[in-house]
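Numbers given in the numbering used here equal positions in the sequence shown, counted from 1, plus 655.
In what follows, a single structure is set out as structure tokens and then discussed.
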Amino acid sequence: MTQSEMLDFIGAEAEKLGCEARRGEMLREHTSVRVGGSCDIMIFSPDSETSARLFVECTKIGLYAMVLGNGSNCLYTDGGFRGAVIVPTPKSGKISSDGEFVTASAGTPLSALCTYALEKSLTGLEFAYGIPGTVGGAVYMNAGAYGGEIKGIIESVRAMTPLGTIKEFGVDELGLGYRTSRFERSGEIIISATFKLTAGEREIIGERMRELISRRKSRQPLEYPSFGSAFKRPEGSYAGLVIEESGLKGKSVGGAQISPKHANFIINTGGATSKDITDLIELTQKTVLEKTGYKLEPEVRLIPERPKAL
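Shown next as structure tokens:
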């Protein structure tokens, strides 16, 4: 099939499954940093299993594709994405519980999951309140903050393999490490995750959530579009600290800036391009290595316009 034929095919398949398909959708409208060009086709899926099945269909016909959550940790190029981007609709988020076990679909916002746990008087998820992502994205990168991480509370994950079969993985099979999991390498698409929480007191849980969101607002540049943390924590120090020690706090390239408020945030001050951000990332890595000896690794996922093999 030609690229055009593949797009026609997957668009028709998506509509059969109750999805909405749009050609030429701008990716900057679907990422928290508000940059990125157009994608060939964006498919809005009503549930996480449908998202996974569409991804598998794209793979079968050779169409470059990805499933996008909240777009809070992705940097697309200014050229966009030459393939299909599959995103959840608000109604794709589904949560259920059985005692202290809580199951959420991949498209569920973390904030909604945390609020659900609060309503059920279940503790363990407070650290995730305010992380701007979905359950699928959080599992994919083993998200964490304020001393907690997904690895510490997850019980199992349901995912679809590249062949279209659904498998359940226990926590020991997830390959969870610092900002990584098996799903970065396996080609499997997360459908849902089950978390093991603990009964607690609603008032104490709520107070902890309010405390952490207040801390975020006071210390992070939430008033600007950004990814959240731009770099992973280097062993033996903190990304924000070594960036600040290198004299880069407030440094700008075009419309991209290292936040004067928190040096591990790259913000879009207005009109930033993807190139502005990648240039600033590279400048930061080079300068920090020269001045401190620390080698910074981006926490941001850089999405190529085309498959790297082409």
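Backbone N, C-alpha and C define an ideal beta-carbon position, used for all residues, glycine too.
| query | result |
| --- | --- |
| What separation, rounded to the nearest whole angstrom, lies between the Cα atoms of threonine 816 and glycine 726? | 22 angstroms |
| Please report the straight-line C-alpha distance between valine 722 and isoleucine 741, rounded to a whole angstrom. | 5 angstroms |
| Cβ atoms of serine 929 and serine 612: under 7 angstroms apart, would you say? | Only positions 656 to 965 of the chain appear in the structure, and residue 612 is not among them; the question remains open. |
| Roughly how many angstroms lie between the CA atoms of arginine 961 and glycine 679, to the nearest whole one? | 15 angstroms |
| With DSSP as the reference, label alanine 759 as helix, strand or coil. | strand |
| For the beta strand (DSSP E) containing glutamate 774, list its first residue and its last residue. | Looking at the DSSP string, glutamate 774 is not in any beta strand (DSSP E); the run it does join, the alpha helix (DSSP H), is 765-774. |
| In the DSSP output, which residue or residues are listed as bridge partners for valine 697? | Going by the sequence as given, residue 697 is methionine instead of valine. Arg677 and Val740, per the DSSP bridge assignment. |
| Specify, as a first and last residue, the run of the beta strand (DSSP E) that tyrosine 731 falls within. | 729-731 |
| List the DSSP bridge partners of leucine 986. | Outside the displayed span of the chain (656 to 965) sits residue 986, for which this structure offers no information. |
| Beta carbon of glutamate 675, beta carbon of phenylalanine 710: below 7 angstroms? | no |
| Which residues does DSSP pair with methionine 815 in a beta bridge? | Ile821 and Ile844 |
| Ignoring anything shorter than 3 residues, give me the beta strand (DSSP E) runs that lie fully in the stretch 901-951, in order along the chain. | 911-913 and 920-923 |
| Note down the Cα distance separating lysine 950 from lysine 749, rounded to an integer number of angstroms. | 40 angstroms |
| Using the C-alpha atoms, what's the distance from arginine 677 back to leucine 965? | Reliability of the predicted coordinates at leucine 965 is poor, the pLDDT of 48 falling under 50, and no value is obtained from them. |
| For the beta strand (DSSP E) that contains valine 722, what are its first and last residues? | 720-722 |
| DSSP on arginine 956, reduced to helix/strand/coil? | strand |
| Please state the DSSP three-state secondary structure of aspartate 702. | coil |
| What residue ranges within the stretch 851-875 form continuous alpha helix (DSSP H) runs of no fewer than 4 residues, ordered along the chain? | 857-874 |
| Looking only at C-alpha atoms, which of Asn728, Tyr771 and Thr939 sits nearest to leucine 903? | Thr939 |
| For methionine 662 versus isoleucine 716, is the C-beta distance shorter than 7 angstroms? | First, the residue type needs correcting, since residue 662 is leucine and not methionine in the sequence shown. Against a cut-off of 7 angstroms, the Cβ pair of isoleucine 716 and leucine 662 comes out as no contact. |
| Could you round the C-beta distance between phenylalanine 850 and isoleucine 809 to whole angstroms and report it? I think they count as a contact, below 8 angstroms. | 6 angstroms |
| Name the two residues that bound the continuous beta strand (DSSP E) containing isoleucine 750. | 750-753 |
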